[in-house]
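Chemist: Pasting a structure below so you can have a look.
Below, the structure written as structure tokens:
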């Protein structure tokens, strides 16, 4: 059985991208973030990067600097996937 934590990778919008585009300087990070915005597994990707404290690259539409700032603001979060999914549900009920 595949690791549930990494199952999302097969559906990622960046799966066929060059890794250098995701682990790059500022202008290329902006392009990577655009790809992330259309990704069906953006939430899962970002949650893994936050849970595992991944230090480099664009994950789930956030740069390492943006993720560090979020982690500083919410240091007690145990499962980022739960938090992000709850936020997504909350936003859809407000919009819908």
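Numbering (our numbering), first residue to last: 95 to 190.
Cβ atoms here follow ideal geometry from the backbone N, Cα and C, with glycine treated the same way.
1) Among the residues of its own chain, which have a CB less than 7 Å from the CB of residue 117, if the five just before and after it don't count?
2) Measure the alpha-carbon distance for residue 137 versus residue 154 and round it to whole angstroms.
3) For the candidate residues 129, 144, 174, whose alpha-carbon lies nearest to that of residue 162?
4) Do residue 141 and residue 178 have their beta-carbon atoms positioned less than 8 Å apart in this structure?
5) In this structure, what does DSSP give as the bridge partners for residue 57?
6) If you draw a straight line from the alpha carbon of residue 109 to that of residue 126, how long is it in whole angstroms?
7) Could you check where the alpha helix (DSSP H) with residue 130 kicks off and where it finishes?
8) Once DSSP output is grouped into helix, strand and coil, what is the label at residue 176?
Modeler: In short:
1) One-based indexing of the chain shown puts residue 117 at position 23. 150, 151, listed in sequence order.
2) Residue numbering aside, residue 137 sits at position 43 when the chain shown is read from its first letter. Residue numbering aside, residue 154 sits at position 60 when the chain shown is read from its first letter. Whole-angstrom Cα-Cα distance: 6 Å.
3) Your numbering for residue 162 matches position 68 in the chain shown. Residue 162 has its Cα closest to that of 144, out of 129, 144, 174.
4) Here residue 178 is taken as the residue at index 84 of the chain shown, counted from 1. Here residue 141 is taken as the residue at index 47 of the chain shown, counted from 1. Contact flag set, yes.
5) Here the chain has residues from 95 to 190 only, and residue 57 is not among them.
6) As a working mapping, residue 109 is identified with position 15 in the chain shown. As a working mapping, residue 126 is identified with position 32 in the chain shown. Cα-Cα distance, rounded: 12 Å.
7) Against the chain shown, residue 130 aligns to sequence position 36. Residue 130 -> alpha helix (DSSP H) spans 120-131.
8) Start at 1 with the first residue of the chain shown, and residue 176 comes out as number 82. Residue state, collapsed to three classes: helix.
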